[in-house]
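Engineer:
2 protein chains.
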Amino acid sequence: MPRTSANNSKNSDYGQEPAWSIPSLREPRYSQSLERGLAILGCFTPERPVLGIADIADELGMSRSTTHRYVITLVALGYLEQGASRKYRLGLRVTDLGMSALNSTGLREHSHPYLEELRQRTSYTVNLSVLDGSEILYVDRARSFRRGQSKIDLGLHPGSRLPAYCTSMGKLLMAHLPESEQREVFSEMKLTKRGPNTITSKKALREELDEVREAGFAVNDEELAPELHSISAPVRNEAREVVAAVNMAAHSSMISLEELVDALGPHLVSTADRISARLGYRRNDESKA
Amino acid sequence: MPRTSANNSKNSDYGQEPAWSIPSLREPRYSQSLERGLAILGCFTPERPVLGIADIADELGMSRSTTHRYVITLVALGYLEQGASRKYRLGLRVTDLGMSALNSTGLREHSHPYLEELRQRTSYTVNLSVLDGSEILYVDRARSFRRGQSKIDLGLHPGSRLPAYCTSMGKLLMAHLPESEQREVFSEMKLTKRGPNTITSKKALREELDEVREAGFAVNDEELAPELHSISAPVRNEAREVVAAVNMAAHSSMISLEELVDALGPHLVSTADRISARLGYRRNDESKA
DNA sequence: AGGAAATTTCCATTTTTCGGAAGAGTCTTT
DNA sequence: AAAGACTCTTCCGAAAAATGGAAATTTCCT
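Keeping their order, the protein sequence lines are chains S and Y.
Last residue of the first sequence: 828 in my numbering, with the numbers rising by one and none dropped.
Last residue of the second sequence: 828 in my numbering, with the numbers rising by one and none dropped.
1. Spell out the partners DSSP gives S:ALA772 in its beta bridges.
2. With 16 other CB atoms within 10 Å as the buried threshold, where does Y:SER639 fall?
3. Can you list, in chain order, the residues of its chain whose CB lies under 6 Å from that of S:ARG817, leaving out five sequence neighbours each side?
4. Counting only the same chain and skipping the five closest in sequence on each side, list residues whose C-beta sits under 6 Å from that of S:SER815.
5. Would you mind sorting Y:ARG822 into buried or exposed? The rule is 16 or more other CB atoms within 10 Å of its CB.
6. Within 10 angstroms of its Cβ, does Y:ALA778 collect 16 or more other Cβ (buried), or is it exposed?
7. Could you check how far apart the C-beta atoms of S:HIS768 and S:ALA784 are, in whole angstroms? I think they sit under 8 Å.
8. Could you give the residue range of the alpha helix (DSSP H) that holds Y:ILE675?
9. Alpha helix (DSSP H) containing S:THR605: first to last residue?
10. Listed in chain order, which residues of the region 628 to 639 of chain Y have Cβ atoms closer than 9 Å to some Cβ of chain S?
11. Is Y:ALA509 helix, strand or coil when you go by DSSP?
12. At a Cβ threshold of 7 Å, is Y:GLU723 touching chain S?
13. Between the Cα of Y:GLU747 and the Cα atoms of Y:GLU720, Y:SER726, Y:ASP671, Y:THR706, which residue gives the shortest distance?
14. Just how far apart, CA to CA, sit Y:SER624 and Y:VAL589?
15. Go to Y:LEU670, then tell me how far its beta strand (DSSP E) extends in each direction, as first and last residue.
16. How many Å lie between S:HIS806 and Y:ARG575 at the Cα?
17. Per DSSP, what kind of secondary structure is S:TYR569 in: helix, strand or coil?
18. Can you confirm whether Y:TYR609, when its beta carbon is compared against all beta carbons of chain S, has any partner nearer than 7 Å?
19. Cβ of S:ASP594 less than 7 Å from any chain Y Cβ?
20. Tell me which residue opens and which closes the alpha helix (DSSP H) that S:LEU654 is part of.
21. What residues from the region 674 to 687 of chain Y come within 8 Å of chain S, judged by C-beta to C-beta, listed N to C?
22. Using only the alpha-carbon positions, how far apart do Y:ASP812 and Y:LEU799 sit?
23. Helix, strand or coil: how does DSSP classify Y:GLU620 here?
24. Decide if S:SER792 is buried, meaning its Cβ has at least 16 other Cβ atoms within 10 Å, or exposed.
25. What did DSSP end up calling S:PRO765 once you bin it into helix, strand or coil?
26. Of the choices S:VAL633, S:LEU646, S:ALA757, S:SER740, whose alpha-carbon is the least far from that of S:LEU796?
27. For S:PHE725 and Y:ARG733, what's the separation of their Cα atoms in angstroms?
28. Using a Cβ cut-off of 8 Å, pull out every chain Y residue sitting near S:GLY645, in sequence order please.
29. DSSP on S:ARG700, reduced to helix/strand/coil?
30. For S:THR664, count the other beta carbons within 10 Å of its own beta carbon; 16 or more makes it buried, fewer makes it exposed. Which is it?
31. At the level of alpha carbons, what is the spacing between Y:MET708 and S:GLY755?
32. Figure out for me which residue from Y:HIS696, Y:SER673, Y:SER643 has the closest Cα to the Cα of Y:LEU667.
33. Using 10 angstroms around the beta-carbon of Y:LEU693, count the other beta-carbons present and answer buried if the total reaches 16, otherwise exposed.
34. Taking a Cβ distance cut-off of 7 Å, strictly less, list which residues of the region 571 to 584 of chain Y are near chain S, in chain order.
35. So, at 7 Å on beta carbons, what are the nonlocal neighbours of S:SER662 in its own chain, with the 5 sequence-adjacent residues on each side left out?
36. Using beta-carbon positions only, say whether Y:GLU761 and Y:PRO735 come within less than 7 Å of one another.
In structure tokens form, the structure reads like this:
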């Protein structure tokens with residue numbers, strides 16, 4: 540009945556300004572203020588960690604007075620801090636958000652004891668990560684005691700990201716993506732050579748993912764960095780989806796790839812399976828019967 | 540003439556109003572929308588990582604339609620994700636903000652090689668942290684290879700927080716705080732017993748801080764947890780302010796506190812001094828001359 | 001010191017937001 | 001399986017909150 544829906548033009552034509560900061564969600568049901576305020580946070584990058592009002596206003600195309608109002612709000616809330624030079628940088632409070640996000644799935648909480656146990660038994664560094672777009676995000680990590688492991692330490696910790704295509708965890712996680720999402724991820728990927736065996740063609744990568752899905756685990760043979768091996772196994776949730784990957788990495792001077800797969804692979808898979816079980820996954824689910 | 544400047548006291552109100560927490564800082568120059576939107580992010584805690592529109596609306600006292608508009612904005616920007624059950628949780632994108640904040644001071648970047656070197660030379664875990672309110676925030680960490688270190692591993696990583704009063708780094712950082720800030724921190728502190736020697740009276744803590752400032756470094760003798768020792772040294776910036784603390788921690792079964800102080804203390808101080816130098820600090824500053 | 005540039009405040013205009021109510025789904029109960 | 005109860009989502013007029021130009025203030029550079 541209220542089919543007419545009025546011809547109220549709302550704000551559809553915001554003018555010729557096509558590129559508004561980040562996305563163009565110019566729909567009335569979105570909050571412009573929130574969008575702008577968060578865009579300000581996004582202006583602070585490792586390369587440009589300290590910004591003044593004018594810098595932000597110019598980058599976002601907003602007036603200085605408007606920018607200023609958002610900035611002091613962010614300061615009051617602890618998301619920004621004002622340094623000596625009257626400029627601003629990110630406040631330490633935002634780290635809490637990051638930690639909350641890492642823990643939000645409950646994944647870390649459930650997995651940690653198992654990762655720790657695997658590390659104890661094998662003396663190799665054990666990692667847990669999830670897929671976010673075309674990158675993997677480290678959620679947890681149990682580091683080896685062994686000397687020599689530092690050779691393969693890339694300064695990774697929970698919160699770190701790595702491209703998915705050149706890591707065993709990334710390949711594993713991509714392999715279990717629904718077709719549509721996998722396509723999307725593929726389209727936004729750049730396959731840069733990072734190690735001797737990096738897969739640099741999308742065709743080869745697609746074949747590799749098929750093999751990974753078949754095998755049930757993934758191997759990284761110097762695709763990320765020279766002399767670095769790793770193997771990964773999948774963690775599934777109650778809905779039988781692969782939600783994370785567990786991984787063990789080692790320098791080639793410590794163990795051959797074959798030995799890593801043969802001797803430690805079973806332990807890794809066992810650990811991954813037990814985490815899956817913890818998340819409610821059942822191997823032979825006859826719930827429908 | 541505008542001496543009066545209204546009765547609004549600029550920003551002097553940082554003091555008495557401890558927390559408008561979720562209510563509103565009802566000054567016209569703040570952005571209410573941004574405030575509300577960010578309050579939504581703050582609703583997601585490790586204890587309650589998954590929330591529906593109604594949960595958020597109730598907690599913040601906002602209408603559901605308003606809440607919904609903010610939430611879909613946050614989803615569009617990647618700060619929230621919608622799970623299967625129509626509920627929402629923090630998006631992985633916010634981890635980037637957290638990492639940016641940790642790196643924003645440039646502290647980690649400058650310090651990391653020195654921490655790594657100290658770990659190599661001593662085989663003990665080395666940490667770097669800053670003070671945020673009454674807590675310390677771990678910025679970087681170089682973990683020991685040694686077995687047995689796991690006994691003292693409290694699951695800490697960059698982004699983790701610990702109360703300042705029962706850690707060597709916290710005591711060191713508080714000791715060098717300007718008087719006014721130190722008072723504020725003291726007022727918001729709860730001194731709970733965490734280890735055999737935890738300092739539980741503010742008077743005793745104040746005296747301890749005086750000694751720490753005198754000595755130039757801080758010691759933790761089972762104040763955080765049983766059988767856990769640590770020592771800390773200060774890192775200063777160009778303006779001669781103490782901006783961070785470097786620390787080494789060990790289980791008492793591995794080394795006595797005396798030995799830790801005598802044998803490793805000098806190395807720790809040396810490392811801290813070199814980081815300070817990297818940040819532009821000069822011991823004998825005659826710049827005024 | 002003096003001038004340029006940036007930050008911060010002010011204010012009338014109007015756009016964006018607010019929230020009740022209605023429309024869709026979804027899950028629970030009978 | 002159908003009705004009921006609940007939550008999520010959309011719509012819309014009313015109204016509050018945001019906007020940006022200009023002025024006042026502070027800081028920085030020469």
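Note that the Cβ used here is the ideal one computed from N, Cα and C, for glycine as well.
Structural biologist: From the atom records:
1. As a first step, residue 772 of chain S must be located in the first sequence, where it is residue number 233. Paired residues: S:VAL785.
2. Working through the second sequence from its first residue, we reach residue 639 of chain Y at position 100. Y:SER639 sits buried, since 16 or more C-beta atoms from the chains shown fall within 10 Å of its C-beta.
3. For the purposes of this step, residue 817 of chain S is identified with residue 278 of the first sequence, where counting begins at 1. Same-chain partners within the cutoff: HIS649.
4. Within the first sequence, residue 815 of chain S is the residue found at index 276, counting from 1. Shown here for S:SER815: same chain residues with a beta carbon closer than 6 Å to its own, the five before and five after excluded, namely VAL774, ARG775 in chain order.
5. Within the second sequence, the letter at position 283 stands for residue 822 of chain Y. Y:ARG822 should be labelled exposed.
6. As a first step, residue 778 of chain Y is located in the second sequence; it is residue number 239 there, counting from the start. The residue is exposed, with fewer than 16 neighbouring Cβ atoms inside 10 Å.
7. Locating residue 768 of chain S in the first sequence gives position 229, where the first residue counts as 1. Locating residue 784 of chain S in the first sequence gives position 245, where the first residue counts as 1. Between S:ALA784 and S:HIS768 the Cβ distance is about 15 Å, and since that is not below 8 Å, they are no contact.
8. Here residue 675 of chain Y is taken as the residue at index 136 of the second sequence, counted from 1. First-last for Y:ILE675: 674 to 681, but that is the beta strand (DSSP E), not the alpha helix (DSSP H).
9. Along the first sequence, one-based indexing puts residue 605 of chain S at 66. It spans 603 to 615 - the alpha helix (DSSP H) in which S:THR605 sits, taken as one unbroken run.
10. ARG628, LEU629, GLY630, LEU631, ARG632, VAL633, THR634, ASP635, LEU636, GLY637, MET638, SER639
11. Because residue 509 of chain Y is not part of the residues shown, which for chain Y are 540 to 828, the question remains open.
12. Along the second sequence, read from residue 1 onward, the residue named residue 723 of chain Y stands at position 184. No - not a single Cβ of chain S is within 7 Å of the one on Y:GLU723.
13. The residue you call residue 747 of chain Y lines up with position 208 of the second sequence. With distances taken between Cα atoms, Y:GLU747 lies closest to Y:THR706.
14. Against the second sequence, residue 624 of chain Y aligns to sequence position 85. Against the second sequence, residue 589 of chain Y aligns to sequence position 50. Distance between the alpha carbons of Y:SER624 and Y:VAL589: 10 Å.
15. Translated into the one-based positions of the second sequence, residue 670 of chain Y becomes position 131. Run containing Y:LEU670: 664 to 671, per the beta strand (DSSP E) assignment.
16. Along the first sequence, read from residue 1 onward, the residue named residue 806 of chain S stands at position 267. Along the second sequence, read from residue 1 onward, the residue named residue 575 of chain Y stands at position 36. The C-alpha of Y:ARG575 is placed about 48 Å away from the C-alpha of S:HIS806.
17. Looking up residue 569 of chain S in the first sequence gives position 30. Here S:TYR569 sits in coil by DSSP.
18. Here residue 609 of chain Y refers to the residue found at position 70 of the second sequence. Cβ-Cβ to chain S under 7 Å: yes for Y:TYR609.
19. As a position in the first sequence, residue 594 of chain S is number 55, starting the count at 1. Interface residue (Cβ-Cβ distance to chain Y less than 7 Å): S:ASP594 is not classified as such.
20. Translated into the one-based positions of the first sequence, residue 654 of chain S becomes position 115. Per DSSP, S:LEU654 belongs to the alpha helix (DSSP H) from 646 to 661.
21. LEU676, ARG680, ARG682, SER683, PHE684, ARG685, ARG686
22. Here residue 812 of chain Y is taken as the residue at index 273 of the second sequence, counted from 1. Here residue 799 of chain Y is taken as the residue at index 260 of the second sequence, counted from 1. Roughly 18 Å between the two C-alpha positions.
23. Taking the second sequence and counting its residues from 1, one reaches residue 620 of chain Y at position 81. Of the three classes helix, strand and coil, the one that applies to Y:GLU620 here is strand, per DSSP.
24. Indexing the first sequence from 1 puts residue 792 of chain S at position 253. Counting the other Cβ atoms within 10 Å of the Cβ of S:SER792 gives fewer than 16, which makes it exposed.
25. What you label residue 765 of chain S is simply residue 226 of the first sequence in a count that begins at 1. Under the three-state reduction of DSSP output, S:PRO765 falls in the coil class, being neither helix nor strand.
26. By one-based count along the first sequence, residue 796 of chain S stands at place 257. Closest option to S:LEU796, Cα to Cα, is S:ALA757.
27. The residue given as residue 725 of chain S occupies position 186 in the first sequence. The residue given as residue 733 of chain Y occupies position 194 in the second sequence. Looking at the two C-alpha atoms, the distance is approximately 50 Å.
28. For the purposes of this step, residue 645 of chain S is taken as the residue at position 106 of the first sequence. Those within 8 Å of S:GLY645 in chain Y are PRO588.
29. Counting from 1 along the first sequence, the entry for residue 700 of chain S is found at position 161. Reduced to three states, the DSSP call for S:ARG700 is strand.
30. As a working note, residue 664 of chain S is residue 125 in the first sequence. Residue burial is scored here from C-beta neighbours: S:THR664 has at least 16 other C-beta atoms within 10 angstroms and is therefore classed as buried.
31. As a position in the second sequence, residue 708 of chain Y is number 169, starting the count at 1. As a position in the first sequence, residue 755 of chain S is number 216, starting the count at 1. C-alpha separation (whole angstroms): 45 Å.
32. Counted from its first residue, the second sequence places residue 667 of chain Y at position 128. Of the listed residues, the one whose Cα sits closest to Y:LEU667 is Y:HIS696.
33. As a position in the second sequence, residue 693 of chain Y is number 154, starting the count at 1. Y:LEU693 comes out exposed.
34. SER572, LEU573, GLU574, GLY576, LEU577, LEU580, PHE583, THR584
35. Working through the first sequence from its first residue, we reach residue 662 of chain S at position 123. Around S:SER662: SER683, PHE684, ARG685.
36. Stepping through the second sequence from its first residue, residue 761 of chain Y is reached at position 222. Stepping through the second sequence from its first residue, residue 735 of chain Y is reached at position 196. Result yes, Cβ atoms of Y:GLU761 and Y:PRO735 sit closer than 7 Å.
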